[in-house]
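Q: Residue numbers (this note's numbering): 11 to 134.
I'd like to ask some things about the structure below.
Pasting the structure below:
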């Protein structure tokens with residue numbers, strides 16, 4: 011599905027040991043970007059990267075961020091919560107276009123499902 015960005019990428023500035031400053035996406039923005047990549051590319055690597063990122067945070071926090079993804083992205087159908095709904099569907103039952111017969115695929119699927127369930131609970 012065609013998904014477009016509604017607002018600028020949220021960033022934060024970090025100070026490097028050299029004294030230089032680097033502007034990077036916020037943690038929440040990084041999570042939304044990973045969700046966007048799952049929706050637009052649907053590759054095993056996108057799901058694996060998402061699962062790795064989610065493993066570093068509380069599932070409920072990830073769900074709360076992603077439940078609001080429609081404030082940042084809009085789909086071809088401008089219905090409320092369309093992007094979030096489609097993302098829940100992808101996370102709950104991922105079917106990437108490429109080969110997903112890797113050793114850690116069951117783990118990746120489980121983490122994605124956990125976020126999908128938490129997103130549904132967040133929406134209640």
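Built from N, CA and C at the ideal position, the CB exists for glycine as well.
Could you have a look at residue 19 and say whether DSSP puts it in helix, strand or coil?
A: Within the chain shown, residue 19 is the residue found at index 9, counting from 1. Three-state result, residue 19: coil.
Q: How many whole angstroms separate the CB atoms of residue 57 and residue 13, which I take to be in contact at a CB cut-off of 8 Å?
A: Reading the chain shown from its first residue, position 47 is the one you call residue 57. Reading the chain shown from its first residue, position 3 is the one you call residue 13. Not a contact, Cβ separation roughly 17 Å.
Q: Do you know how far the Cα of residue 122 is from the Cα of residue 132?
A: Translated into the one-based positions of the chain shown, residue 132 becomes position 122. Translated into the one-based positions of the chain shown, residue 122 becomes position 112. Rounded to the nearest angstrom, the two C-alpha atoms are 15 Å apart.
Q: Thinking C-beta only, is residue 42 closer than 8 Å to residue 76?
A: The count along the chain shown starts at 1 and reaches residue 76 at position 66. The count along the chain shown starts at 1 and reaches residue 42 at position 32. Going by C-beta atoms, residue 76 is nearer than 8 Å to residue 42.
Q: In the DSSP output, what is residue 35 paired with across the bridge?
A: Position 25 of the chain shown, counted from the start, is the residue given in the question as residue 35. BP columns for residue 35 point to 21.
Q: Look up residue 14 in the DSSP assignment and give the residues it is bridged to.
A: Numbered from 1 along the chain shown, position 4 holds the residue referred to as residue 14. According to DSSP, residue 14 bridges with 84.
Q: Measure the beta-carbon distance from residue 98 to residue 126 and round it to whole angstroms, keeping in mind my assumption that it falls under 8 Å.
A: In the chain shown, counting from the first residue as 1, residue 98 sits at position 88. In the chain shown, counting from the first residue as 1, residue 126 sits at position 116. The Cβ separation is near 5 Å, so the contact holds.
Q: For residue 94, which residues from the same chain have a beta carbon less than 8 Å from its beta carbon, with the 5 sequence-adjacent residues on both sides left out?
A: On the chain shown, position 84 is the one that residue 94 refers to. Hits under 8 Å: 76, 77, 78, 79, 80, 129 and 133.
Q: DSSP state of residue 60, grouped into three classes?
A: Numbered from its first residue, the chain shown carries residue 60 at position 50. The answer is helix: DSSP assigns residue 60 an H, G or I state.
Q: Kindly indicate the opening and closing residues of the alpha helix (DSSP H) around residue 69.
A: Taking the chain shown and counting its residues from 1, the one referred to as residue 69 is at position 59. 69–77 is the extent of the alpha helix (DSSP H) around residue 69.
Q: Verify whether the separation of the beta carbon atoms of residue 110 and residue 54 is less than 8 Å.
A: Along the chain shown, read from residue 1 onward, the residue named residue 110 stands at position 100. Along the chain shown, read from residue 1 onward, the residue named residue 54 stands at position 44. Yes, Cβ-Cβ distance for residue 110 and residue 54 is below 8 Å.
Q: Looking at residue 31 and residue 83, is the spacing between their C-beta atoms short of 8 Å?
A: As a position in the chain shown, residue 83 is number 73, starting the count at 1. As a position in the chain shown, residue 31 is number 21, starting the count at 1. No, the pair does not count as a contact, with Cβ atoms beyond the cut-off.
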